[in-house]
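Right, one structure below, let's go through it.
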Amino acid sequence: MSIFVDENTKVIYQGLTGSQGSYYGGLNKAYGTQVVAGTHPKKAGTDVDGVPIYASVAEAVEATGATATCIFIPAPGVQGAVLEAAEAGIEFIVAITEGVPAHDEAYFFNKLKTDFPNTRLLGPNCPGIISPGKCNIGITAGHIAQAGGPVGIVSRSGTLTYQALYELKQKDIGVTTCVGIGGDPVPGTSFIDCLEAFEADPETKAVMMIGEIGGSAEEEAAEFIKHHMTKPVSSYIAGVTAPPGKKMGHAGAIVSGGKGTAAAKMEALEDAGVKVGQNPTEAGELMAEIVAGL
Amino acid sequence: MVLPSISPYAIREATPVDLFEYQGKEFFAQFGMPVSPGRVAFTVDEAVAAAEELGTPVMVKAQVHTGGRGKAGGVKFAADVEAVREHATNILGLDIRGHIVQRVWIEKASDIAEEYYASFTLDRSAKKHLGMLSKEGGVEIETVAEENPDAIAKIWVDPVVGLSEEATRQWVAAANLPDAAVEGSVDILQKLYTAYTEGDCDLVEINPLILTPEGKVHVLDAKVTLDGNSTFRHESYEQYDATQPRDEREEAAHAKGLQYVGLDGSVGVIANGAGLAMSTVDVINQVGGSPANFLDIGGGANADVMAGALEVINNDPNVKSIFINIFGGITRGEEVANGILEAMQRVDIEAPIVIRLDGTNADEGRAILEPNLNDKLMMEATMLSAAEKAAELAR
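Those protein sequence lines, which keep their order, are chains A and B.
Under the numbering used here, the letters of the first sequence match residues 1 to 294, in that order.
Under the numbering used here, the letters of the second sequence match residues 1001 to 1395, in that order.
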């Protein structure tokens, strides 16, 4: 099984008529994703390579029964696009766009939580989600992911997500679902959300988690793993050799409270029983050992 | 030359914009917050003229993007114009934690009865805005947080709900500010929240927020960091771009729109995506090399971006080899390959280049590069082997 999406997931592309949207929407469709509609307020009735364009998400949902959307709208329009999708009843929103202001992210994260608790947001500034062989929403190159299982991947970094998929594929290890949660200040879906879903998924037997310096999301994930995960986890944290960060005012330093360095994150993860690699290749090797021992 | 270290913020959030104190006060004043009148001065004569215009006594304050100004001798009280001349002479050109003072802020001096601390920032963990208020201001707030955490009253604000006057009053009460400071503080804190949200700030901080002997609450310092991603809706933020501290290499990279942080090694790094760029720096260190920089060419990198990145790296005299590490998602392999070849025609690149290319259209990209490989342009199959090769070439 996969988490969040599968071969039956019908996806709308907000921004399908743009250059990025049409390129990746096309690649996703060619991969086998059910790309059922695009939206553009002024281009309703047209199509992009046979995919019909509707004026709004609500109209697209009504016509196609889509439950997911992928946002390729430029940063100033992302807040509007996310809220439009949630109001139209979309259950899973993937926002690829980078450069969204942090205050917008904080706003729509809390708005969804309060008013649309059944809507999951992934991103913004993320590569998307791929369940190899079933569904690919976003910008991940499909050919680097091996279908099957038993590994689930969750990553905070775009290109390191691909690196992780690639490391496993070279070792002939399949992936149930790979989720790129993005590295922005307020990600819609967290490490813990994904770990929880992988723990509940019977086909996922082990999880690879890719983090990076800054914030405390990895430390929180380590806490969760320690107390709630029965499945083995391997990890890599980017920024191991980065010199100590400069402070951004006192308030920021207090919020992070000494957390945020790669060393602190790795220690927290190791303490939770996670196998931590020094680089992506080593994390892949550790996962291969885990898989061999399953 | 000052080499800033990689901060998680510097690479992850599209270039946060730090304001000088005087810019922060101008920013706060736009939202109706009480700040002292003052003038910015770049020379001693300008400082003296400003003091004469304002009337003494004044404060002479170094304007630098770092803390600890007072301890470094960068903040002085001047009773008369002669004292202004003396202090401005000493402060201009002063090195404060690696930052050379190029401007001072001359401000009407205030009488202080009490000093408080107030700030708003995003709590990433709670995913809400966090306000902090303390009766113990004027000192390093980290020290207060460590030694007496109960002295900091915190409030978490849901951005959808906002900060009501009632909630602000409860917050001020929780901080145990004296009665005389309550009304003024409530007013300033509400305006501070408005400035924080409407201004798209990563951080607003007042330390100290003071109570004067006359019972007025007043903003005596201002630290403001703006979200670089929000500039599309704040045209006026362009003015702050010119005053961001950058070394020459960083300035050149910034002009090309590249995410660059200078380091002090000899292997030039170009990668796509912040995570991969950080990981590349890690791997070079781990194989015994020493990275010269962190450079993320971003998701949508094309030939022009790659050429620009190579030009920036090529201008760093410490670079002895260049490692281009690309894993294509949004970046397509043939664009990367064409960019490298085009850049090599445009610029005379001295250092040998080692490329590792994977991901979207990697085969097409490799096919373009293949006929051009020589001892100046090499290709390796994996990130680790490419890092080893680049480190070896830099020795």
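Using N, Cα and C, we set each Cβ at its ideal position, and we do this for glycine too.
Since the structure is predicted, the reported quantities are computational estimates derived from the model, not experimental observations.
Residue-level contact by beta carbon fails for P202 (chain A) and chain B, as no gap is shorter than 8 Å. Contact between L1019 (chain B) and P1037 (chain B) is absent: CB atoms are separated by about 18 Å, not below the 8 Å threshold. About 4 Å separates the beta carbon of T161 (chain A) from that of G180 (chain A), a gap short enough to meet the 8 Å contact definition. Contacts with chain A at 8 Å (Cβ-Cβ) include K1127 (chain B). For N1285 (chain B), the uninterrupted alpha helix (DSSP H) segment begins and ends at A1274 to Q1286. Neighbourhood of N1272 (chain B) in chain A, by CB distance below 7 Å: T159, in chain order. Comparing alpha-carbon positions, the option among B:E1086, B:P1291, B:Q1239 and B:G1032 lying closest to A1051 (chain B) turns out to be B:E1086. For the pair Q79 (chain A) and A1109 (chain B), the Cα-to-Cα distance works out to about 44 Å. Ranked by Cα distance from P1291 (chain B), the options B:V1305, B:D1264, B:I1313 and B:L1310 are led by B:D1264. Between the region 177 to 191 of chain A and the region 123 to 133 of chain A there are three or more C-beta pairs closer than 8 Å, enough to call the two in contact. DSSP, read as helix, strand or coil, puts E1205 (chain B) in strand.
Following the DSSP letters along the chain, one finds C135 (chain A) inside the beta strand (DSSP E) bounded by residues C135 to G138. Pairing A206 (chain A) with V291 (chain A) gives a Cβ-Cβ distance under 8 Å. Contact note: Q278 (chain A) reaches chain B through D1282 and Q1286, using a C-beta cutoff of 8 Å and chain order. For T1089 (chain B), no beta strand (DSSP E) encloses it; the enclosing alpha helix (DSSP H) starts and ends at V1081 to I1091.
Bounds of the alpha helix (DSSP H) holding S1185 (chain B) are D1179 to E1198.
Taking a contact as a CB-CB distance under 8 Å, the pair K1223 (chain B) and L1192 (chain B) does not count as one, their CB atoms being some 12 Å apart. Cβ proximity to chain A below 8 Å picks out G1067 from the region 1048 to 1069 of chain B.
Residue burial annotation: G158 (chain A) is buried, with at least 16 other C-beta atoms found within 10 angstroms of its C-beta. Residue-level contact check: V11 (chain A) does not touch chain B, since none of the beta carbons of chain B fall below 8 Å from its beta carbon.
A1394 (chain B) is positioned such that its CB atom lies closer than 8 Å to that of S1266 (chain B).
If you draw a straight line from the Cα of V1219 (chain B) to the Cα of V1035 (chain B), it comes to about 5 Å. Going by DSSP, E1165 (chain B) is part of the alpha helix (DSSP H) stretching over E1165 to A1174. Contacts between F1232 (chain B) and chain A, judged by CB atoms closer than 8 Å, involve A75 and P76 in chain order.
Just so you know, the alpha carbons of D201 (chain A) and I1297 (chain B) end up roughly 36 Å apart. Taking the C-beta atoms as reference points, L27 (chain A) is found no nearer than 8 Å to I53 (chain A). Contact of Y166 (chain A) with chain B by beta-carbon distance below 7 Å involves D1358. Burial check for R1124 (chain B): the Cβ neighbour count within 10 Å reaches 16 or more, so the residue is buried. Under the 8 Å criterion on CB atoms, F1327 (chain B) is classed as interfacial with respect to chain A.
Around S1279 (chain B), the beta-carbon contacts reaching into chain A at under 7 Å are L160, A238, N279 and P280. Taking 8 Å as the cut-off, the beta carbon of V233 (chain A) is found no closer than this to the beta carbon of V175 (chain A). Sequence-distant Cβ neighbours of D1150 (chain B) in its own chain, meaning closer than 8 Å and more than five residues away, do not exist here.
Using a Cβ-Cβ cut-off of 8 Å, Y107 (chain A) counts as an interface residue toward chain B, since at least one Cβ of chain B sits closer than that to its own.
With fewer than 16 other Cβ atoms from the protein chains shown falling within 10 Å of its own Cβ, M1 (chain A) counts as exposed. Rounded to the nearest angstrom, the gap between the Cα atoms of P1016 (chain B) and I3 (chain A) is 35 Å.
Taking 8 Å as the threshold, the shortest C-beta distance from I181 (chain A) to chain B does not fall below it.
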